[in-house]
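Novice: Would you mind keeping the following structure in view while I ask a few things?
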Amino acid sequence: MIPDVSKALSWLAANPTVLKGIGRGIERETLRVTPDGHLAKTEHPQSLGASLTHKWITTDFAESLLEFITPVDSNIDRTMAFLKDLHTYTARHLNNEKMWPLSMPCFIDEEENITLAQYGTSNLGRFKTLYREGLKNRYGALMQTISGVHYNFSLPISFWQVWLGIKDAETGKEQISDGYLRLIRNYYRFGWVIPYFFGASPAICSSFLRGRNSTLPFEETEKGTCYLPYATSLRMSDLGYTNKSQSDLNITFNHLHTYVEGLKNAIHKPSEEFATIGIKKDGKYLQLNTNVLQIENELYAPIRPKRVTKEGESPSDALLRAGIEYIEVRSLDINPFSPIGVSETQIRFLDLFLIWCVLAESPEMGSAELECCRGNWNKVILEGRKPGLSIDLGGGVEPQSLKVVGRELFRDLGRVAEVLDTCSGTQYQSVCKELVNMFEDPTLTFSARVLEKMKSQGVGHFGLALANQYHNELTEEHYSILDDERFSVEREASISRQHHIEQQDSMSFEEYLKIHAGS
């Protein structure tokens with residue numbers, strides 16, 4: 001059913017200190033909205049600093065799509081407090097605007113009203129905006145306003161040293177990369193538990209479907225809420241940002257060099273579909289290139305292997321240079337029950353699950369199995385709370401009840417929790433006890449809880465009420481880690497850094513594109 005992890009769990013219980021120093025970072029996206037719940041049309045607030053170069057507060061696809069980034073930390077309380085400080089400061093500087101508390105966007109009158117994120121006059125800034133222009137022309141701007149939370153996770157070097165018998169990160173980089181790829185394969189096999197528990201987008205405002213063809217059998221309320229009765233995360237469905245031309249790229253996660261090779265092939269593989277858009281029209285650039293991926297970040301994935309890049313280095317070149325440094329979990333919806341979009345319970349569960357994914361046996365995964373796994377994810381995304389739902393375990397094994405597979409998984413996660421709690425109480429074990437009940441009672445899941453409110457109140461009314469509530473709460477909060485002076489210093493520093501980048505440009509934008517935009 002699930003891999004036998006008993007030996008690895010016994011090893012972990014005998015070596016509990018190897019988990020001290022887990023690295024964590026959170027990236028949370030949220031739309032700025034007007035007092036009546038419409039998309040804000042204003043520029044990124046100057047009081048927040050320069051979005052191109054600010055260390056903690058930036059923008060994603062749109063000028064109105066904020067993104068908060070916490071530094072890497074090994075302390076969960078500190079990470080959550082830092083994220084709350086970012087929200088508190090921002091809430092106080094939004095000039096009557098609010099932060100949208102849901103993954104699916106607020107009411108957007110026309111897609112033309114979505115302004116692409118602007119990053120100044122430098123070649124780098126113009127490049128980032130043009131990449132977004134390409135996303136808009138390829139997939140539509142509305143798709144890009146869907147928000148999520150990304151969780152960055154790394155195991156301490158002490159874990160790898162004892163688990164793999166390596167000397168250090170440099171000489172053991174290949175083994176560490178193999179370990180993270182092992183994690184990723186198991187994440188694809190069993191990570192559907194994340195949208196099952198935490199998917200919070202079972203419904204959308206009918207305005208989101210305007211002019212779009214969808215084959216999903218939506219039901220609609222009188223208040224204009226379109227929903228699927230058992231859905232968990234429409235954000236992760238085909239309604240969200242997916243690139244159908246990526247389905248035949250054959251990017252697998254068995255070896256780092258083959259993963260990078262597949263990624264590099266995709267950014268050089270011509271696309272007939274995107275070629276019809278063209279590169280330029282009437283003197284205006286429409287996209288970076290006409291390949292399947294404009295750049296590597298365009299690859300849609302619920303999890304990514306990552307390494308911090310050096311200046312001018314691509315993500316894949318960084319991986320080849322020094323191996324996988326951490327993984328980025330990308331399957332969390334915005335948590336509407338938290339003013340900062342994510343909770344400590346979610347972080348602790350991801351710790352447990354990701355550690356289990358490293359420890360569990362993880363055979364190499366071909367394209368066929370990967371497709372089977374994606375089928376399981378899609379099933380949970382669209383009908384995860386459906387009674388009797390089964391999971392296809394592949395390999396000729398009979399499909400098994402989601403509830404049964406989930407409970408078996410939690411027997412292992414409980415043992416990981418005991419190890420993590422050896423020095424810090426019973427917090428991880430409490431998370432297990434809370435979440436395992438959701439398999440028996442799906443009404444406890446995020447999606448079930450928000451769906452009832454969305455159906456009765458309407459998505460817009462529900463979202464706006466929460467936005468106002470959280471705005472009021474955040475503006476009354478006291479800082480825990482940062483303070484106004486540090487925010488002011490970083491604001492000014494970000495503006496100076498952007499100005500410096502603009503002053504340093506020594507080539508035309510056309511020359512810059514030839515070097516950085518592929519062919």
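Counting in full-length UniProt numbering, the final residue of the sequence shown is number 519, and the numbers go up one at a time with none missing.
Each residue gets a CB set at the ideal place from its N, CA and C atoms; glycine is no exception.
It should be emphasised that the depicted structure is a prediction, and the values quoted were computed from it without experimental measurement.
#1: Roughly how many whole angstroms lie between the Cα atoms of Ile334 and Lys84?
#2: So what does DSSP say about residue 543, is it helix, strand or coil?
#3: Taking Glu296 and Pro315 to be in contact with their CB atoms under 8 Å, please state how far apart those CB atoms are, rounded to whole angstroms.
#4: Using CA coordinates, which residue listed in Leu12, Asn265, Arg92 is at the minimum distance from Glu473?
#5: In three-state terms, what does DSSP make of residue 530?
#6: Determine the DSSP secondary structure at Phe439, reduced to helix, strand or coil.
#7: In chain order, what residues of the same chain have a beta carbon less than 8 Å from the beta carbon of Ala117, not counting five sequence neighbours either side?
#8: Since Leu332 sits in a beta bridge, which residues does DSSP pair it with?
#9: Note down the Cα distance separating Val18 from Lys167, rounded to an integer number of angstroms.
#10: Short check: CB of Tyr180 to CB of Pro305, under 8 Å?
#11: Figure out for me which residue from Pro195, Gly23, Glu492, Leu48 has the closest Cα to the Cα of Arg330.
#12: With which residues is Gln62 paired in a DSSP beta bridge?
#13: Span of the beta strand (DSSP E) holding Cys373?
#14: Within 10 angstroms of its Cβ, does Val33 collect 16 or more other Cβ (buried), or is it exposed?
#15: Determine the burial state of Arg212: buried for a count of at least 16 other Cβ atoms within 10 Å of its Cβ, exposed for fewer.
#16: Cβ atoms of Ile391 and Asn378: under 8 Å apart, would you say?
#17: Can you tell me which of Gln504, Lys136, Gln503, Glu490 puts its alpha carbon nearest to the alpha carbon of His54?
#18: Note the first and the last residue of the continuous alpha helix (DSSP H) segment covering Val416.
#19: Beta-carbon within less than 8 Å of Ser103's beta-carbon, same chain only, minus the 5 sequence neighbours each way: which residues are those?
#20: What did DSSP end up calling Phe198 once you bin it into helix, strand or coil?
#21: Using the Cα positions of Pro442 and Gly134, report the straight-line distance between them to the nearest angstrom.
#22: Please classify Gly458: is it buried, with 16 or more other beta-carbons within 10 angstroms of its beta-carbon, or exposed?
#23: Taking Gly125 as part of the alpha helix (DSSP H), name the residues at either end of that continuous run.
#24: Can you name, in chain order, every residue of its own chain whose Cβ lies under 7 Å from the Cβ of Asn96, other than the five neighbours on each side?
#25: Does the distance from the C-beta atom of Gly37 to that of Gly460 stay below 8 Å?
#26: On a CA-only basis, which of Leu249, Asn254, Gly384 is nearest Phe197? Give me that one, please.
#27: What is the rounded straight-line gap between the Cα of Met80 and the Cα of Leu482?
#28: For Leu94, which residues of its own chain have a beta-carbon under 7 Å away from its beta-carbon, when the five flanking residues on both sides are left out?
#29: Leaving aside the five residues before and after Ile355 along the sequence, list all residues of the same chain whose C-beta is less than 6 Å from its C-beta, in chain order.
#30: Assuming contact is defined by CB atoms lying nearer than 8 Å, are Ile22 and Leu155 in contact in what I supplied?
#31: Near Ile495, what residues of its chain come up, given a Cβ to Cβ distance below 7 Å and the 5 sequence neighbours on each side ignored?
#32: If you follow the alpha helix (DSSP H) that Ile157 is in, where does it begin and where does it stop?
#33: Which residue's Cα is closest to the Cα of Val308: Leu299, Val292, Tyr326, Glu298?
#34: Give the single residue among Phe487, Gly396, Arg348, Glu408 whose Cα lies nearest to the Cα of Leu420.
#35: Compare the C-alpha of Gly406 against each of Ser430, Thr422, Val436, Val431 and name the closest.
#36: Going along the chain, which residues of its own chain have a beta-carbon closer than 6 Å to the beta-carbon of Gly125, five neighbours each way excluded?
Specialist: So, to answer that:
#1: 14 Å
#2: No answer is possible for residue 543: it lies beyond the span of the chain, which begins at 1 and ends at 519.
#3: 5 Å
#4: Arg92
#5: Absent from the model: residue 530. The displayed extent of the chain is 1 to 519, so no value can be given.
#6: helix
#7: His44, Ser51, Thr59, Asp60, Phe61, Ala62, Glu63, Leu65, Lys128, Thr129, Arg132
#8: Val149
#9: 14 Å
#10: yes
#11: Pro195
#12: Correcting the residue type first, residue 62 is Ala in the shown sequence and not Gln. In DSSP, Ala62 forms a bridge with Leu116.
#13: Taken as a continuous stretch (DSSP letters only), Cys373 belongs to no beta strand (DSSP E), being part of the alpha helix (DSSP H) at 367-383.
#14: buried
#15: exposed
#16: no
#17: Glu490
#18: 402-420
#19: Ile146, Ser147, Gly148, Ala200, Ser201, Ser233, Arg235, Asp333, Ile334
#20: helix
#21: 40 Å
#22: buried
#23: 123-139
#24: Pro35
#25: yes
#26: Gly384
#27: 12 Å
#28: Arg32, Pro45
#29: Val416
#30: yes
#31: Gly49, Ala50
#32: 157-164
#33: Tyr326
#34: Arg348
#35: Val436
#36: Leu52, Tyr119
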